[in-house]
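Trainee: Starting off with a structure, shown below.
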Amino acid sequence: MKRLLAAPEGRLAVITLVIFAGMSFLAPDRFLSVQNVTSMAFQFPEFAILALAMTITMLTGGIDLSVVGIANLSAIVAALILTRFATGTTGTDAVLWLALALAAAGGIGLVAGLFNGVAVAVFGLPAILATLGSGLIFTGIAIALTGGSAVMGFPAAAAWLGNATLAGVPVPLLLFALLAGGLAFVLARTGFGLKVQMYGTNPLAAHFAGVDVTRLLIRVYAVSGVLAAIAGLVVMSRANSAKADYGSSYLLLAVLIAVLGGVNPYGGYGRVVGVVLAVLSMQFLSSGLNMLGVSNFARELIWGALLLVVMVVNAGSWPRLRARPRVRAEPGLQPSPGTET
Amino acid sequence: MTAADEPLIVMRGVTKTYAGIRALDGVGFAIREGEAVSLAGENGSGKSTLIKILAGAEEPDEASITVAGESFARLTPRQSAGAGIMVIFQDFSLFPNLSVAENIGFSAELHAGHRLVDRGRVRALAARTLERVGVDIPLDARVETLSVAHKQLVAICRALASDARLIIMDEPTTALTEREVRVLLGIIRRLKADGVAVLFVSHKLAEVLEVCEHVVVLRNGRKVAEGPAGEFDAASLARHMTGRDVAEALPSPLADGAPRLLEVRGLSKAGAFADIGFELHAGEVLGIAGLLGSGRTPLAKALFGLVAPDAGRVTLDGREVPLGDPLAAAAAGIGYVPEDRLTEGLFLTQSILRNVGIGRLEAHAQGPLLDVAGLWREAEEWLRRLAVKAPDPAAPVRSLSGGNQQRVVLARWLARGPRMLLLNGPTVGVDVGSKAEIHGIIRDLAGRGLGVVVISDDLPELLATCHRILVMKEGRITDDLPGTATSEADLAHRLAS
Chain A
173 MKRLLAAPEG
183 RLAVITLVIF
193 AGMSFLAPDR
203 FLSVQNVTSM
213 AFQFPEFAIL
223 ALAMTITMLT
233 GGIDLSVVGI
243 ANLSAIVAAL
253 ILTRFATGTT
263 GTDAVLWLAL
273 ALAAAGGIGL
283 VAGLFNGVAV
293 AVFGLPAILA
303 TLGSGLIFTG
313 IAIALTGGSA
323 VMGFPAAAAW
333 LGNATLAGVP
343 VPLLLFALLA
353 GGLAFVLART
363 GFGLKVQMYG
373 TNPLAAHFAG
383 VDVTRLLIRV
393 YAVSGVLAAI
403 AGLVVMSRAN
413 SAKADYGSSY
423 LLLAVLIAVL
433 GGVNPYGGYG
443 RVVGVVLAVL
453 SMQFLSSGLN
463 MLGVSNFARE
473 LIWGALLLVV
483 MVVNAGSWPR
493 LRARPRVRAE
503 PGLQPSPGTE
513 T
Chain B
-9 MTAADEPLIV
1 MRGVTKTYAG
11 IRALDGVGFA
21 IREGEAVSLA
31 GENGSGKSTL
41 IKILAGAEEP
51 DEASITVAGE
61 SFARLTPRQS
71 AGAGIMVIFQ
81 DFSLFPNLSV
91 AENIGFSAEL
101 HAGHRLVDRG
111 RVRALAARTL
121 ERVGVDIPLD
131 ARVETLSVAH
141 KQLVAICRAL
151 ASDARLIIMD
161 EPTTALTERE
171 VRVLLGIIRR
181 LKADGVAVLF
191 VSHKLAEVLE
201 VCEHVVVLRN
211 GRKVAEGPAG
221 EFDAASLARH
231 MTGRDVAEAL
241 PSPLADGAPR
251 LLEVRGLSKA
261 GAFADIGFEL
271 HAGEVLGIAG
281 LLGSGRTPLA
291 KALFGLVAPD
301 AGRVTLDGRE
311 VPLGDPLAAA
321 AAGIGYVPED
331 RLTEGLFLTQ
341 SILRNVGIGR
351 LEAHAQGPLL
361 DVAGLWREAE
371 EWLRRLAVKA
381 PDPAAPVRSL
391 SGGNQQRVVL
401 ARWLARGPRM
411 LLLNGPTVGV
421 DVGSKAEIHG
431 IIRDLAGRGL
441 GVVVISDDLP
451 ELLATCHRIL
461 VMKEGRITDD
471 LPGTATSEAD
481 LAHRLAS
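Take a look at the structure:
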């Protein structure tokens, strides 16, 4: 038990179970109903995919605050293609236009991510400021494209991504499972994934070890951008529309999930399994509070408070953030001897 | 006041356990007023823990500490400072953006409980303290503009201004030149005459013997030797610290007609180094001796592409190495072991295997995938070859001792099969026993035909490993000496003159 609680993922598994049990106890007939479980499975993938984008940037010690902007901009580009060219088409034509729209959205996500990557890696801007600014740019372009109103009227096929089920499993859930599994695989089994974690642990040592850090960071933000675009497409399909200010509460949620999932915001540590557990616990909490009649505004308050509490609890395991001041500061300019015990 | 024959501080039975490991086991000794005591020991011997307990930063499991006649089971930071125990850590903990006077006077001013800071009083106190130590540093200079030696003096003055009765100095000579060390030793003598006690923590053995009356040696958390400094010499101290005899071999002579490996011509960088030119042969160990600020580290970084020089060319095996690009330098076969292992060399929280494997990701790529098993196999093989003592290669690299950490960085580069290695301060912060072993590794690598450049201000180290030594001063190479025919005194003289 003690060992289980030592890892952030272990603590989180317990928290997730407690929230699930608590909600099942407080609202047994509604929380545990088939309808609620299905509804939850359709709801969380969109912000869960954004949390994956947040995870990979946080692993490098950065952050991507532009994910919601990228998601909406990508969705709007796809939506504009669908409404301009695909309305009224059927059969193969409709599928082709849909594929083109999805590809265009992915391309927008990629370009936006590259933009962030260049800002962070080449110009050396702090990720938190670079992506805060670029997020406003992407949202601004989205508003310029739409005049701020929702883009609606897609062919029926567009609803598949967000609303259909395959063998009884919601398609968005499958998509999230695929992406989460893919990210876990990339982190564990590719040189890119290993370099992301090593860079996050010590950027200077990565540079000195001959890692191409510029290329690495650009790729990380590009991956984040594409993930954000996919999340945007799921939102578009579920809402059957696209709008520049959809999902504005998802940004805080995605950061919260990544941190709750045990990702060290200073970089270097984080596991996808933790992020998945964090997604589940947040969805259980959100649905449960909804059923208990707690207002949406109170929900945001709870999320914000939860974010701070989790950071304080996890701070003990983050090497760069200690609860107690240390007598010897971080090694500075002076060469210092190895860790002495 | 204590009676003259009663020690200022007496420690008895100090015991501290971290996660089941005894860091200190019943250690006890006394420090008298005006006495300098040397606490010697390898890394991991428990020196730091003992300092922290005296400073009140760590709580001992068991201890009896008597300070000026008053007994404590443990000290809090406040009690420790109140009793006049001041620690000067290696980083000095100064405020770089404040002036010398402010750094010296502020903490005394704060402790005196004045609500308003009186700048005149702060300046007067600072001036008085500097005079007491007998050094002349401008009161208004910003501390970040000072040399390392002057920063250290400011830290000492700050301790004195707060009525220090015992000053603990943690590795005070690491970054000092020969001449600055002499100044520091003079000041320590002055403090002693003033009745201030000094606890001197160092593993540079010669200095230890010169300035201290009393020597305490720790090994693996136990006190293994104690006595008047006159009873120890460098060899016996090393034997007590390591528990065995440490002997250094000399470099084996360089084979005649060894092919030229590296050629550096006219390498210059404004403000760092100028017109550097030298050659390195296969199998040769070339030393670059230089003090802090002589341009030795910028030069090493420039050779590895971390600093872009303004002019000059570097060729390896006759092929030109693109300058200012570490990736190109690594691809050409140059490996760089940085000066500060903790911030530049290691990924402290990552596993030992990952720390080695990071250099070999490209070699083990199978398309987009990584042959993880092969990568770890190779890393383990290199850990074995360099005899890294690691019970669990999946443990974080921070759990290793300094010497083993340095071998991990070496293993990372050796796994890439480089043509030459740049070692910047290869044994900084490494204990005596591991140091000799790392020197053995360097000689062995050269024996296999690798070119090695050792950059260091540790003169015995250069003499023990190098075939040839270049002396670097103010950004230029001023001497080119054969390693085996040079004495330490000669080298020290050439460095300082």
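Listed in order, the protein sequences are those of chains A and B. Under this note's numbering, the first residue of the first sequence is numbered 173, with each subsequent residue one higher. Under this note's numbering, the first residue of the second sequence is numbered -9, with each subsequent residue one higher. Quick reminder that beta carbons are idealized off the backbone N, C-alpha and C, glycines included. This structure is a prediction, so every number in the text was calculated from the model and none was measured.
#1: Is it the case that the Cβ atoms of E25 (chain B) and P86 (chain B) are separated by a distance below 8 Å?
#2: Are the C-beta atoms of K385 (chain B) and some chain A residue less than 8 Å apart?
#3: Let me know the secondary structure DSSP gives R350 (chain B) once reduced to three states.
#4: Is there a Cβ of chain A sitting closer than 8 Å to that of F62 (chain B), yes or no?
#5: Suppose the cutoff is 7 Å on Cβ atoms and the five residues either side in sequence are ignored; what does the same chain contact list for M408 (chain A) look like?
#6: Which residue spans inside the stretch 325 to 397 of chain B form an unbroken alpha helix (DSSP H) run of at least 4?
#7: Taking the C-alpha atoms as reference points, what is the distance between E52 (chain B) and D421 (chain B)?
#8: Between which two residues does the alpha helix (DSSP H) containing G441 (chain B) stretch?
#9: May I ask which residues mark the beginning and end of the alpha helix (DSSP H) holding T264 (chain A)?
#10: Pull up the DSSP beta-bridge partners for R12 (chain B), would you.
#11: State the CB to CB distance for the pair T373 (chain A) and P327 (chain A), rounded to an integer number of angstroms; the pair is presumed to be in contact (CB under 8 Å).
#12: Per DSSP, A271 (chain B) forms a beta bridge with which residues?
#13: Mark A220 (chain A) as exposed unless 16 or more other C-beta atoms lie within 10 angstroms of its C-beta, in which case mark it buried.
#14: Contact defined as beta carbons within less than 8 Å: I believe G325 (chain B) pairs with R458 (chain B). What is the distance between those atoms, to the nearest angstrom?
#15: Less than 8 Å between CB atoms is the rule here; does R361 (chain A) satisfy it with respect to chain B?
#16: Is it buried or exposed for M324 (chain A), if we count other Cβ within 10 angstroms and need 16 for buried?
#17: According to the neighbour-count rule (16 or more other Cβ atoms, all chains shown, within 10 Å of its Cβ), is G357 (chain B) buried or exposed?
#18: If you drop the 5 nearest sequence neighbours on each side, which residues of the same chain put their C-beta closer than 8 Å to that of I431 (chain B)?
#19: What is the rounded straight-line gap between the Cα of R492 (chain A) and the Cα of R122 (chain B)?
#20: Buried or exposed, going by whether 16 or more other CB atoms sit within 10 Å of the CB of P383 (chain B)?
#21: According to DSSP, is P516 (chain A) part of a helix, a strand, or is it coil?
#22: Just checking my contact of F19 (chain B) with K213 (chain B) at CB under 8 Å: how many whole Å lie between their CB atoms?
#23: I'd like to know if F514 (chain A) contacts chain B, where contact means its C-beta is closer than 8 Å to some C-beta of that chain.
#24: So Q69 (chain B) contacts chain A; which residues on that side make the cut at Cβ distance below 7 Å?
#25: In chain A, which residues lie less than 8 Å from F337 (chain B) when you measure between Cβ atoms?
#26: In the stretch 347 to 359 of chain B, which residues sit with their C-beta less than 9 Å from some C-beta in chain A, listed in chain order?
#27: For V190 (chain A), which residues in chain B fall below 9 Å Cβ to Cβ?
#28: Assuming P50 (chain B) and T5 (chain B) make a contact with CB atoms under 8 Å, what is their CB distance in whole Å?
#29: Could you give the residue range of the alpha helix (DSSP H) that holds T311 (chain A)?
#30: Check each residue of the stretch 313 to 328 of chain B: if its Cβ is closer than 7 Å to any Cβ of chain A, include it; give the result in chain order.
#31: If you follow the alpha helix (DSSP H) that V482 (chain A) is in, where does it begin and where does it stop?
#32: Would the stretch 445 to 460 of chain B and the stretch 471 to 487 of chain B be scored as touching if the rule is three or more Cβ pairs under 8 Å?
#33: Quick test of your reading: L29 (chain B) and K37 (chain B), contact by CB under 8 Å. State the CB separation rounded to the nearest angstrom.
#34: Could you work out which residue in A:L245, A:M463 and A:V447 is closest to I313 (chain A) when comparing CA atoms only?
#35: May I have a chain-ordered list of the beta strand (DSSP E) segments no shorter than 3 residues that lie completely inside the stretch 18 to 105 of chain B?
Mentor: Put simply:
#1: Residue 25 (chain B) sits at position 35 when you count from the first residue of the second sequence. Residue 86 (chain B) sits at position 96 when you count from the first residue of the second sequence. Their beta carbons are not under 8 Å apart, which means E25 (chain B) does not touch P86 (chain B) by this criterion.
#2: Counting from one through the second sequence, the residue named residue 385 (chain B) turns up at place 395. Here residue 385 (chain B) turns out to be Ala, not Lys, going by the sequence shown. No, no contact with chain A.
#3: The residue labelled residue 350 (chain B) in the question sits at position 360 within the second sequence. Shown here, R350 (chain B) sits in a helix according to DSSP, grouped into three states.
#4: Mapped onto the second sequence, residue 62 (chain B) falls at position 72. With 8 Å as the cut-off, F62 (chain B) does not count as an interface residue toward chain A.
#5: Counting from 1 along the first sequence, the entry for residue 408 (chain A) is found at position 236. If we look at M408 (chain A) and ignore the five residues flanking it on each side, its Cβ neighbours are A247, A250, A251 and A414.
#6: Counting whole runs of 4 or more residues, the stretch 325 to 397 of chain B contains the alpha helix (DSSP H) stretches 342 to 347 and 362 to 375.
#7: For the purposes of this step, residue 52 (chain B) is identified with residue 62 of the second sequence, where counting begins at 1. For the purposes of this step, residue 421 (chain B) is identified with residue 431 of the second sequence, where counting begins at 1. Straight through space, the alpha carbons of D421 (chain B) and E52 (chain B) are spaced by roughly 28 Å.
#8: Counting from 1 along the second sequence, the entry for residue 441 (chain B) is found at position 451. DSSP places G441 (chain B) in no alpha helix (DSSP H) but in the uninterrupted beta strand (DSSP E) bounded by G441 to S446.
#9: Counted from its first residue, the first sequence places residue 264 (chain A) at position 92. Looking at the DSSP string, the run of the alpha helix (DSSP H) that includes T264 (chain A) is G263 to G289.
#10: Taking the first residue of the second sequence as position 1, residue 12 (chain B) is located at position 22. According to DSSP, R12 (chain B) bridges with B:T7.
#11: What you label residue 373 (chain A) is simply residue 201 of the first sequence in a count that begins at 1. What you label residue 327 (chain A) is simply residue 155 of the first sequence in a count that begins at 1. In fact, because the Cβ distance is near 48 Å, the residues do not count as touching under 8 Å.
#12: Walking along the second sequence from the start, residue 271 (chain B) turns up at place 281. Looking at the sequence provided, one finds His at residue 271 (chain B) rather than Ala. When beta bridges are read from the DSSP output, H271 (chain B) appears opposite B:R250.
#13: Numbered from its first residue, the first sequence carries residue 220 (chain A) at position 48. Under this definition A220 (chain A) is a buried residue.
#14: For the purposes of this step, residue 325 (chain B) is taken as residue 335 along the second sequence, with counting starting at 1. For the purposes of this step, residue 458 (chain B) is taken as residue 468 along the second sequence, with counting starting at 1. Contact doesn't hold; Cβ gap of about 20 Å is too wide.
#15: Working through the first sequence from its first residue, we reach residue 361 (chain A) at position 189. Yes, contact with chain B.
#16: For this step, residue 324 (chain A) is matched to residue 152 along the first sequence. Per the 10 Å Cβ criterion, exposed.
#17: For this step, residue 357 (chain B) is matched to residue 367 along the second sequence. With fewer than 16 other Cβ atoms from the protein chains shown falling within 10 Å of its own Cβ, G357 (chain B) counts as exposed.
#18: Here residue 431 (chain B) refers to the residue found at position 441 when the second sequence is read from its first residue. The answer, listed in chain order, is L376, R397 and L400.
#19: Looking up residue 492 (chain A) in the first sequence gives position 320. Looking up residue 122 (chain B) in the second sequence gives position 132. With a pLDDT of 47 at R492 (chain A), under the threshold of 50, the modelled position of that residue is not reliable, and no figure is offered here.
#20: Position 393 of the second sequence, counted from the first residue, corresponds to residue 383 (chain B). With 16 or more other Cβ atoms inside 10 Å of its own Cβ, P383 (chain B) counts as buried.
#21: Because residue 516 (chain A) is not part of the residues shown, which for chain A are 173 to 513, the question remains open.
#22: Here the question's residue 19 (chain B) lines up with position 29 in the second sequence. Here the question's residue 213 (chain B) lines up with position 223 in the second sequence. F19 (chain B) to K213 (chain B), Cβ: 7 Å. Contact.
#23: Past the boundaries of the shown model lies residue 514 (chain A); chain A is included only from 173 to 513, so the question cannot be answered.
#24: In the second sequence, the residue the question calls residue 69 (chain B) occupies position 79. Result: empty, since nearest Cβ-Cβ is about 15 Å, beyond 7 Å.
#25: As a position in the second sequence, residue 337 (chain B) is number 347, starting the count at 1. Against chain A, a Cβ distance below 8 Å from F337 (chain B) picks out M370, T373, N374, A377, A378 and G440.
#26: Taking 9 Å as the Cβ-Cβ cut-off against chain A, the residues of the stretch 347 to 359 of chain B that qualify are G347, I348, G349, L351, E352, H354, A355, P358 and L359.
#27: Your numbering for residue 190 (chain A) matches position 18 in the first sequence. Per Cβ cutoff of 9 Å: no residues; V190 (chain A) is ~29 Å from chain B at best.
#28: Taking the first residue of the second sequence as position 1, residue 50 (chain B) is located at position 60. Taking the first residue of the second sequence as position 1, residue 5 (chain B) is located at position 15. Rounded to the nearest angstrom, the Cβ distance from P50 (chain B) to T5 (chain B) is 6 Å, consistent with a contact under 8 Å.
#29: Locating residue 311 (chain A) in the first sequence gives position 139, where the first residue counts as 1. Annotation: the continuous alpha helix (DSSP H) that includes T311 (chain A) extends over A299 to T318.
#30: Under the 7 Å Cβ criterion, the stretch 313 to 328 of chain B contributes P316, L317, A320, Y326 and P328.
#31: Your numbering for residue 482 (chain A) matches position 310 in the first sequence. For V482 (chain A), the enclosing alpha helix (DSSP H) begins and ends at N468 to N486.
#32: With the cut-off at 8 Å, the stretch 445 to 460 of chain B and the stretch 471 to 487 of chain B touch.
#33: Taking the second sequence and counting its residues from 1, the one referred to as residue 29 (chain B) is at position 39. Taking the second sequence and counting its residues from 1, the one referred to as residue 37 (chain B) is at position 47. About 5 Å; that satisfies the 8 Å criterion.
#34: Sequence index remark: in the first sequence, residue 313 (chain A) carries index 141 (1-based). The closest CA to that of I313 (chain A), considering only A:L245, A:M463 and A:V447, is found on A:L245.
#35: Correct list: 26 to 30, 52 to 57, 60 to 62 and 75 to 78.
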